[in-house]
Amino acid sequence: MGGRVTNPRGNNVSEIIDRQKPEVIAEHRLHDSDTGSPEVQIALLTKRINHLNEHLKVHKKDHHSRRGLLMLVGRRRNLLDYVKKNDVERYRTIIATHGLR
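Per our numbering, the sequence shown starts with residue 3, numbered consecutively.
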């Protein structure tokens, strides 16, 4: 069996997320060459977290994906804590933009 993880339409799930990645980066970047600012990283993690949440609604017993989701949430939490510690206004903007909390 093995192979790639696909959705019901036969598309590789990671390819779908990778195709949307440039759009997410363009939407949240601070300047033209920005790909690693906390805003961009949080936006990308939020996209992946939302995708995994939808997956887990269908596949309730997929505990490996659930663990991956918890790790992504922890990574996003750490980034949010970093931004909050350094610039509270920026933190509030990020929270409002992504509808967190």
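Ideal Cβ placement from N, Cα and C applies to all residues, glycine included. No experiment lies behind these values; they were computed from the predicted model shown.
Just verifying my parser: in three-state terms, what is the DSSP assignment at Lys49?
Counting from one through the sequence shown, the residue named residue 49 turns up at place 47. Lys49: helix per DSSP, three-state reduction.
Check whether Lys49 and Ile19 have beta carbons under 8 Å apart:
Taking the sequence shown and counting its residues from 1, the one referred to as residue 49 is at position 47. Taking the sequence shown and counting its residues from 1, the one referred to as residue 19 is at position 17. Lys49 is a Cβ neighbour of Ile19, given a cutoff of 8 Å.
Within the continuous alpha helix (DSSP H) that includes His74, where are the two ends?
By 1-based counting over the sequence shown, the position of residue 74 is 72. Checking the sequence, you will find Leu at residue 74 rather than His. Where Leu74 is concerned, the enclosing alpha helix (DSSP H) stretches over 65-88.
Comparing C-alpha positions only, which one of Val26, His53, Leu102 sits nearest to Gln43?
Here residue 43 refers to the residue found at position 41 when the sequence shown is read from its first residue. The shortest Cα separation from Gln43 among Val26, His53, Leu102 belongs to Val26.
Residue environment, Arg116, which counts as buried when at least 16 other CB atoms sit within 10 Å
With the chain represented from 3 up to 103, any question about residue 116 goes unanswered, as that position is not in the structure.
In three-state DSSP terms, what is Arg94?
To locate residue 94, count along the sequence shown from 1; it is residue 92. Arg94 sits in a helix when the DSSP states are folded into three classes.
Quick check: does the Cβ of His33 come within less than 7 Å of any heavy atom belonging to the ligand ATP?
Questions concerning the ligand ATP fall outside what the structure shown contains, since it holds no ligand whatsoever.
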